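Encoded as structure tokens, the structure appears first; notes follow it.
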Amino acid sequence: MPVTSKLLTAGGFLSFFIFGFVDNLKGPLLPEMIRDGELSYSQVGTIFFSGYIGFIVATLGCGILADKVSHRGVLLLAAIGLFIGGSGFSSTTTYPLLIASMGVIGLGLGAIELGGNGLMVELHSETRGRYLNLLGTFHGLGSLTVPLFAAALLRFGFSWQWIYASSVILVIPLAILFWPSAGNKKLGLHSATDETPLRVADWPTILRSAFTTQMRLYYLLLSAYVALELGIGAWMIEYLQQARGISVASSSFFLSGFFVLLMLGRLFGAFVVDAIGHHRAIAIALIGSCLCLTVGIFTHPSLAVFLPLSGLFMSIVFPTVTASVSAIHRENMGSILGILFAFSGIGGAVGPWTVGVVSDWAGIEMGIASTLAFGLVAIAALMCLNARHRRLKVA
Numbered sequence: 035m036p037v038t039s040k041l042l043t044a045g046g047f048l049s050f051f052i053f054g055f056v057d058n059l060k061g062p063l064l065p066e067m068i069r070d071g072e073l074s075y076s077q078v079g080t081i082f083f084s085g086y087i088g089f090i091v092a093t094l095g096c097g098i099l100a101d102k103v104s105h106r107g108v109l110l111l112a113a114i115g116l117f118i119g120g121s122g123f124s125s126t127t128t129y130p131l132l133i134a135s136m137g138v139i140g141l142g143l144g145a146i147e148l149g150g151n152g153l154m155v156e157l158h159s160e161t162r163g164r165y166l167n168l169l170g171t172f173h174g175l176g177s178l179t180v181p182l183f184a185a186a187l188l189r190f191g192f193s194w195q196w197i198y199a200s201s202v203i204l205v206i207p208l209a210i211l212f213w214p215s216a217g218n219k220k221l222g223l224h225s226a227t228d229e230t231p232l233r234v235a236d237w238p239t240i241l242r243s244a245f246t247t248q249m250r251l252y253y254l255l256l257s258a259y260v261a262l263e264l265g266i267g268a269w270m271i272e273y274l275q276q277a278r279g280i281s282v283a284s285s286s287f288f289l290s291g292f293f294v295l296l297m298l299g300r301l302f303g304a305f306v307v308d309a310i311g312h313h314r315a316i317a318i319a320l321i322g323s324c325l326c327l328t329v330g331i332f333t334h335p336s337l338a339v340f341l342p343l344s345g346l347f348m349s350i351v352f353p354t355v356t357a358s359v360s361a362i363h364r365e366n367m368g369s370i371l372g373i374l375f376a377f378s379g380i381g382g383a384v385g386p387w388t389v390g391v392v393s394d395w396a397g398i399e400m401g402i403a404s405t406l407a408f409g410l411v412a413i414a415a416l417m418c419l420n421a422r423h424r425r426l427k428v429a
């Protein structure tokens, strides 16, 4: 692998570590935010919803930008968005400003989602399944680090605002790496798309490709899955503390375990998903995760360990769906992935928000259980995709 490709790959991995860290910081700090700001579950769900509205806007806009300039430029914008949003979120307790700041954080996260995945597909087109799962592994590494980091600082008496502020430091090396400097030009860090601006005439083609029956099913699959994963990740600590009576330290350990298994699953999946087939791997993952959640939520409290175990199965779904879609679309890939990730952002907005609303209405137990509905929708979408593929083969 050339030096330039290695450097860009390392930058993509760093961006996803930051993505996992910042995106999942809200879960460990959620109880403190509720108590400090006297917020209801529905209000917290709305704050999370705002972040994924920003995410959706970023993935749509950055998909076009990636086709027009480069994935490096998208990742630079991501660093700027996270710096501004994180600084704002950590410096206020006012509900409207929390909503607005989380929206800006969402813009940064959406830019990382699009820029990082697109960069890996561009650099490693023949082994995209492997590298997208490795990319997800770094997301898992950041995700598993953050509950332990937050729990340790909370035990030492730091406020949740200070902990959010400290996370802003992470984006500085990302901005430096992707800054469009003369040094980068000497290394040859130009995307193939740098000299090929998007033409308005391409839009009819993009829209026809993006909204086929097959792609609509992929959108439903990915958005339902993301609603499942983020609903669990955002609310697991609150559920374990309130419904299961587990301590702050132990519940943080459970959430870290969830992300450890997400990371290990993606690391393992990087070497098997291309071999066993994308759809088969996704089916195993979705069924396994729903079974784990059912046991963890509805059975004896001693079996709550099945909640983090679900992360092992969930791990490969997102990167494997991305790999499957990118194999179908070679033209205007940035725009197509932008639309795909926008739908994942819809799932990210709806999942945690739904848990919050249902929890206010029927209790935190039913709130966390509502995530299973998203898992069933994802399985149904995958079944429809497989049925369609079989019909096309027969034809």
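Residue 35 is where the sequence shown starts when you use the working numbering, and the numbers rise one by one after that.
A virtual CB, placed ideally from N, CA and C, is assigned to each residue, including glycine.
Quantities reported herein were computed from a predicted structural model and do not represent experimental measurements.
Asked	Found
May I ask you to report which of helix, strand or coil DSSP gives Leu223?	Unreliable positioning characterises Leu223 in this predicted model, as indicated by a pLDDT of 41, which lies under 50. The coordinate reading is nonetheless provided below. Leu223: coil per DSSP, three-state reduction.
Pull up the CB-CB distance for Leu301 and Leu208, whole angstroms please, since I reckon it's below 8 Å.	Going by Cβ atoms, the distance from Leu301 to Leu208 rounds to 22 Å, so no, they are not a contact pair.
Counting only runs of 3+ residues fully inside the region 291-379, write out the beta strand (DSSP E) ranges in chain order.	none
Quick one: what does DSSP say Val103 is sitting in, helix, strand or coil?	coil
Check whether the Cβ atoms of His313 and Asn420 lie closer than 8 Å to each other.	yes
State the DSSP-derived secondary structure class of Thr246, mapped to helix, strand or coil.	coil
Going by C-alpha distance, which of Phe82, Ser200 and Ile203 is nearest Leu132?	Phe82
Contact defined as beta carbons within less than 8 Å: I believe Gly174 pairs with Leu296. What is the distance between those atoms, to the nearest angstrom?	4 Å
For Val78 and Ile139, I'd like the C-alpha separation in whole angstroms.	15 Å
CA-CA distance, Gly368 and Ala92?	12 Å
Kindly indicate which three-state DSSP category Gly460 falls into: helix, strand or coil?	There is no way to answer for residue 460, as the model of the chain reaches only from 35 to 429.
Rank Thr246, Thr328 and Ala376 by C-alpha distance to the C-alpha of Leu94 and give the top, closest one.	Ala376
To the nearest angstrom, report how far apart Gly330 and Ala338 are at their CA atoms.	4 Å
Go to His173, then tell me how far its alpha helix (DSSP H) extends in each direction, as first and last residue.	Arg162 to Arg189
Tell me, to the nearest whole angstrom, how far the beta carbon of Leu374 is from that of Val351; I am working on the premise that it is less than 8 Å.	Between Val351 and Leu374 the Cβ distance is about 13 Å, and since that is not below 8 Å, they are no contact.
What do you get for Ala396, buried or exposed, if any count of 16 or more other CB atoms within 10 angstroms of its CB means buried?	exposed
Using alpha carbons as the reference points, say which of Ile398, Ile206, Ala184 and Leu73 lies closest to Tyr198.	Ala184
Please report how far the alpha carbon of Leu153 lies from the alpha carbon of Arg106, in whole angstroms.	8 Å
Starting from the C-beta of Phe53, find all residues in its chain whose C-beta is less than 8 Å away, skip the five residues before and the five after it, and write them out in chain order.	Leu143, Ile146, Glu147, Gly150, His173 and Gly176
In whole angstroms, what is the alpha-carbon distance linking Ile413 and Leu255?	7 Å
Could you spell out the range, first to last residue, of the alpha helix (DSSP H) harbouring Phe53?	Val37 to Asp57
Can you tell me whether Trp213 is buried or exposed, with buried defined as 16 or more other CB within 10 angstroms of its CB?	exposed
Can you tell me where the alpha helix (DSSP H) with Ser74 in it begins and where it stops?	It is not in any alpha helix (DSSP H) - Ser74 carries neither H nor E in the DSSP assignment.
Going along the chain, which residues of its own chain have a beta-carbon closer than 8 Å to the beta-carbon of Ser39, five neighbours each way excluded?	Leu157
Roughly how far, in whole angstroms, is the beta-carbon of Thr354 from the beta-carbon of Gly97, given that I think they are within contact range, below 8 Å?	About 20 Å separates the two Cβ atoms, so there is no contact after all.
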